[in-house]
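Student: The numbering of the sequence shown is full-length UniProt numbering, which starts it at 1 and goes up by one. The structure is given below, and queries will be raised subsequently.
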Amino acid sequence: MSEHSMPPVSGERVETDGVYKNEWGREEELERGTTFPADPMLGETEWELAEMSFDNHHEGRTDPRLVPKKNDIDKQGKIDHPRRQMDRGKK
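Next comes the structure, spelled out in structure tokens:
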């Protein structure tokens with residue numbers, strides 16, 4: 001983000017689905033088109049996108065078992081490069 005950008009404030013419309021965090025660290029999942037809620041303690045507050053919403057991940061995070069690690073000896077089951085794909089069908 002640039003130093004001149006302004007984070008969204010309570011009452012503004014949500015532009016991107018995701019988990020948003022306010023100034024006190026309270027996280028809330030919001031959908032596009034809804035308005036940012038006011039905090040019960042702070043009132044009007046700024047919101048920051050903490051995590052994007054993905055339909056294919058239950059918690060919005062990649063399963064750690066699928067992420068290749070440096071000292072992992074079984075790299076066969078993991079895709080560590082975009083061009084490495086499973087053989088399926090015609091090419």
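Built from N, CA and C at the ideal position, the CB exists for glycine as well.
Kindly indicate which residue of Met41, Pro64, Glu3 and Arg13 has the alpha-carbon position closest to the one of Glu31.
Tutor: Comparing Cα positions, the closest option is Arg13.
Student: Please classify Trp24 as buried or exposed, where buried requires at least 16 neighbouring CB atoms within 10 angstroms.
Tutor: It counts as exposed.
Student: To the nearest angstrom, how far is it from the Cα of Pro7 to the Cα of Lys70?
Tutor: If you take the alpha carbons of Pro7 and Lys70, they lie about 36 Å apart.
Student: Where does the unbroken beta strand (DSSP E) through Glu48 begin, and where does it stop?
Tutor: Counting along the chain, the beta strand (DSSP E) containing Glu48 begins and ends at Trp47 to Met52.
Student: In whole angstroms, give me the CA-to-CA distance for Leu49 and Ala38.
Tutor: Taking the straight line joining both Cα atoms gives about 16 Å.
Student: So Gly18 is in the beta strand (DSSP E); what residue range does that whole segment cover?
Tutor: First-last of the beta strand (DSSP E) with Gly18: Gly18 to Asn22.
Student: Once you ignore the five residues that flank Met41 on each side, which residues in its own chain have a CB closer than 8 Å to its CB?
Tutor: Trp24, listed in sequence order.
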